[in-house]
Amino acid sequence: MHAACTTAQLRHIELHHHLFGYLKSMALRCAADLGVPSAIHRRGGAATISDIAADTGVHLAKLPHLRRIMRVLTGAGIFAANDEPSSPADQDGDAAGETVYTLTPPSRLLVGDHATCNMAPMMRFLVRPEVAAMFFGLDAWLRDGDTGAATLYQAAHGGVSAWEMTKRDSSYSRALNEACAGDTSFVMDIAVREGGDET
């Protein structure tokens, strides 16, 4: 495809990748909130879209939309997809020729069934409106020297720091605590495994 594209077309494509990049984060949050990585994991690491919908409570009328979300995340490398060939054993036709989704190293970190290495809380925290909102004012914060806001977060939240927000908003506090706990568990697991018994 790229060989046939002009330089201008390639620039246009690259710009669109950046313009719509946030959709990947939103699709990832949706998949994590639905429990898609865990659903695939519980099915032995491979699941069709029908399996995922059944295990996550997605309404059957929304299967085409779930399929599009999975396509975005597969393109981003969060999941892998393989077309399951039709076989004579598939008499009922339900699974014949369906795409089978599997976990990749990034999506394995979002499986909620593991006590360690569950980065889903961190991912959910980073795409919360309170966190994402601050970036909408980045240009104004950079230009204004008199805001009195030492951080971008404070500028977006009327001078309130992230730590003060934990006292005001219990759901924000819970999300931050869960994110920190998940990240600490992940890092400590690596430190213990990689550090070994060095004395």
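1 is the number of the first residue of the sequence shown in the UniProt record's numbering; add one for each residue after it. For every residue, glycine included, the Cβ atom is placed at its ideal position computed from N, Cα and C.
Rounded Cβ spacing between residue i and residue j (contact assumed at less than 8 Å)
i    : j    : result
G145 : S38  : At roughly 47 Å, the Cβ-Cβ gap does not stay under 8 Å, so G145 and S38 are not in contact.
G137 : A162 : No, G137 and A162 are not in contact; Cβ-Cβ is about 15 Å, not under 8 Å.
F186 : C117 : 5 Å
I78  : S50  : With a Cβ gap of about 20 Å, I78 and S50 do not count as contacting.
I52  : A46  : The pair is not a contact, with the Cβ atoms about 11 Å apart (cut-off 8 Å).
V58  : L34  : 7 Å
Buried/exposed call for residue i, threshold 16 Cβ in 10 Å
i    : result
R124 : buried
M70  : buried
A8   : exposed
Q91  : Residue confidence for Q91 is low, a pLDDT of 47 falling below 50, so the modelled location carries little weight; the figure read from the coordinates is stated next. Q91 should be labelled exposed.
C-beta atoms of residue i and residue j nearer than 8 Å
i           : j    : result
residue 200 : E178 : An answer regarding residue 200 cannot be provided, because it is not within the stretch 1 to 199 covered by the chain.
S25         : V131 : no
V72         : T56  : no
A81         : T104 : no
T48         : V100 : yes
W141        : A133 : no
_Just to confirm the assignment: which complete beta strand (DSSP E) runs, minimum length 3, are found wholly within the UniProt domain "O-methyltransferase dimerisation" (17-111)?_
46-48, 79-83, 99-103
_Every unbroken beta strand (DSSP E) within the stretch 105-186, with a cutoff of 3 residues, ordered by chain_ = none
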